[in-house]
Amino acid sequence: MKRNVILVGKTIIQNSFLANSIGESTGIPCTIQEAGGLALGMNGTRDLLLWDYTSQTLERFWDICQTASTQGNLYCALINAPRRQALAEEALRRGAHGIFHDDDSLAILAKGVRAILDGELWFSRRIISDQLVRARRKELVKSNSVQLTPREEEVLRLLASGKANSDIAEAMCISLCTVKSHISNIYGKIQVPNRTQAALWAAKNL
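Converting from the sequence shown to my numbering requires adding 1 to each position, the first position being numbered 1.
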């Protein structure tokens, strides 16, 4: 599947340089787009949206994260973000796939971009560990009260491994529409709002 990186921010020389550097260091095309009129995850592409924290409002980003939670070919991450634990925790909770800080090197950025497009989360171990511990403490979901069908379990395992909806459909020999239906049912049963939280639930309960 073709991969793209989209830097959402102002078309200024710094962002142009950054987009070129990302493309050269990862081998993945990187373009700059304004926040309005984004066309994401179209035509069978796998898109990583890098949202510039310094020039864009977060509310629109959170909305896109929610949309991405129902698609397997759209990934979202903050870039140029300050090192604030509360912000990273909020990004993880809202369904973002990663966060890049304003003092990260280009090498770290390139490594993270590739990792996210391979289906991994790009957060510190501490943030992810704290999220898991908090979920256990609150006991938001008790595994013995959740009854997933064998097919739903299989879909959830594939989703948690970073597979896109199209990949899940191909692996299970079912339609894309059926995959989306399974994912919607899974979210309802385990009481989570997005793919990130579903993957965290699966890591604890499957």
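No residue lacks a Cβ here, since even glycine has one placed at the ideal position from N, Cα and C.
Check your understanding: Using the beta-carbon count (16 or more within 10 Å), is Asn166 buried or exposed?
Key -> buried
Review point. Roughly how many whole angstroms lie between the Cα atoms of Leu107 and Leu50?
Key: 17 Å
Practice item. May I have the straight-line CA-CA distance separating Ser176 from Ala170, to the nearest angstrom? Key: 6 Å
Point to revise | Nearest-angstrom Cα separation, counted from His98 out to Thr197 | key: 7 Å
Review point. Beta strand (DSSP E) containing Ala78: first to last residue?
Key: 75 to 82
Practice item. Could you tell me the distance, in whole angstroms, from the CA atom of Lys3 to the CA atom of Arg47? Key: 6 Å
Exercise for review: Quick one: using the 10 Å Cβ neighbour count with 16 as the cut-off for buried, is Val134 buried or exposed?
Suggested key: exposed
Check your understanding: What residue does the beta strand (DSSP E) around Ile7 start on, and which one ends it?
Key -> 4 to 9
Point to revise | Length of the line joining the Cα atoms of Thr68 and Asn195 | key: 9 Å
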